[in-house]
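Numbering (the working numbering), first residue to last: 7 to 239.
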C-alpha cells in the first residue's frame, strides 16, 4: 500500500504539495470517487487514479538512459555548473532520480539515472562484479605489456590499489577498458600510471546495458522492458 500523494507525485508531474492542493479541490478521483485525503493508503496497481479526468499511470520506479555529454557534472544539483539532471524534463527532475555511479565532467557516454535504490546498490557494489566498459584514446602508443599489467592489477604511485581489469588494444592509441570498480578517475589514473595519458574517454556499457548509439550526447530515453529485465538479472 502506498500514500496517494506519493503515487501521484511519483509521476513527476506534480509535487507533493501540489497533489495535496489537488485533493483538497476535489480534482483527484480514486476508482471514480473523490479522494478522501492526500495520505490515503491505496494499492496503485489495483485502483484507477484520475486527475482532472485524466488517468494517471503508475510505475513504481523510473529508469532513464542518458548519453552524458562532456562538460556536465554527474550530480543531482550544483549552484555553479550544469548537472545531468538539468538535461532532463522538469517532470522527471521531480521524481528524485539520481545517477548510478558517476562519470567525470569531461567523460562522455552511458549514464543510468533511477529512483530505484535497490538496483543502484546492486549495480555499484563490488560484490556483484558488474562490468563497466569504456572506450579510451591515449597520448602514447599502447603495448601488450599494458594489457598484462591491467590483467594483473596494480598499485598506483599514490597508493591506490586497483583490482585486475581488462584492457583490449584496438589500435596504437585506442583501447577498451573493463572495470568492476569505480574509483575516482580510475581509468585515467591506471592508464596514466602506464605512461598513456587519456585524451578522450567514453563509457559504453554497464553490465548488460549498452549505450544506445542512436542517442546523441545530451539525449535520453527510458529503458525498454528488455533492458530492464537484463539489468535485474
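Even for Gly, the Cβ is constructed at its ideal location relative to N, Cα and C.
All of these numbers come straight from a predicted model, not from anything done at the bench.
To which residues of the same chain is residue i closer than 6 Å at the C-beta, ignoring the five residues directly before and after it?
i, result
"residue 22", "11 and 15"
"residue 238", "none"
"residue 98", "18"
"residue 214", "236"
"residue 112", "76"
"residue 56", "35"
"residue 194", "204"
Provide the residue(s) that pair with residue i in DSSP beta bridges, ordered along the chain.
i, result
"residue 209", "115 and 140"
"residue 183", "140 and 173"
"residue 154", "Looking at the DSSP assignment, residue 154 forms no beta bridge with any residue, so it has no partner."
"residue 160", "168"
"residue 215", "212"
"residue 13", "None; residue 13 has no bridge partner."
"residue 104", "120"
"residue 227", "71"
Apart from the five residues on each side of it in sequence, which residues of its chain come closer than 7 Å, Cβ to Cβ, to residue i?
i, result
"residue 132", "186 and 187"
"residue 62", "14, 17, 55 and 56"
Could you tell me how far apart the beta carbons of residue i and residue j are, in whole angstroms, since I believe they sit closer than 8 Å?
i, j, result
"residue 199", "residue 160", "6 Å"
"residue 217", "residue 115", "6 Å"
"residue 250", "residue 119", "Residue 250 is absent from the model: the chain starts at 7 and stops at 239."
"residue 189", "residue 166", "6 Å"
"residue 37", "residue 60", "That belief does not hold up - the Cβ atoms of residue 37 and residue 60 are roughly 15 Å apart, past 8 Å."
"residue 93", "residue 78", "7 Å"
Excluding the five sequence neighbours on either side, which residues of its own chain have a C-beta within less than 8 Å of the C-beta of residue i, listed in chain order?
i, result
"residue 225", "72 and 73"
"residue 228", "68, 69, 70 and 71"
Whole beta strand (DSSP E) runs in the stretch 21 to 97 with 3 or more residues, listed along the chain? 34 to 36, 55 to 57 and 69 to 74
For the 8 Å Cβ check, are there 3 or more pairs between the stretch 83 to 101 and the stretch 134 to 153? no
I'd like to know if the stretch 154 to 172 and the stretch 107 to 126 are in contact, where contact means that at least 3 CB-CB pairs between them fall below 8 Å. no
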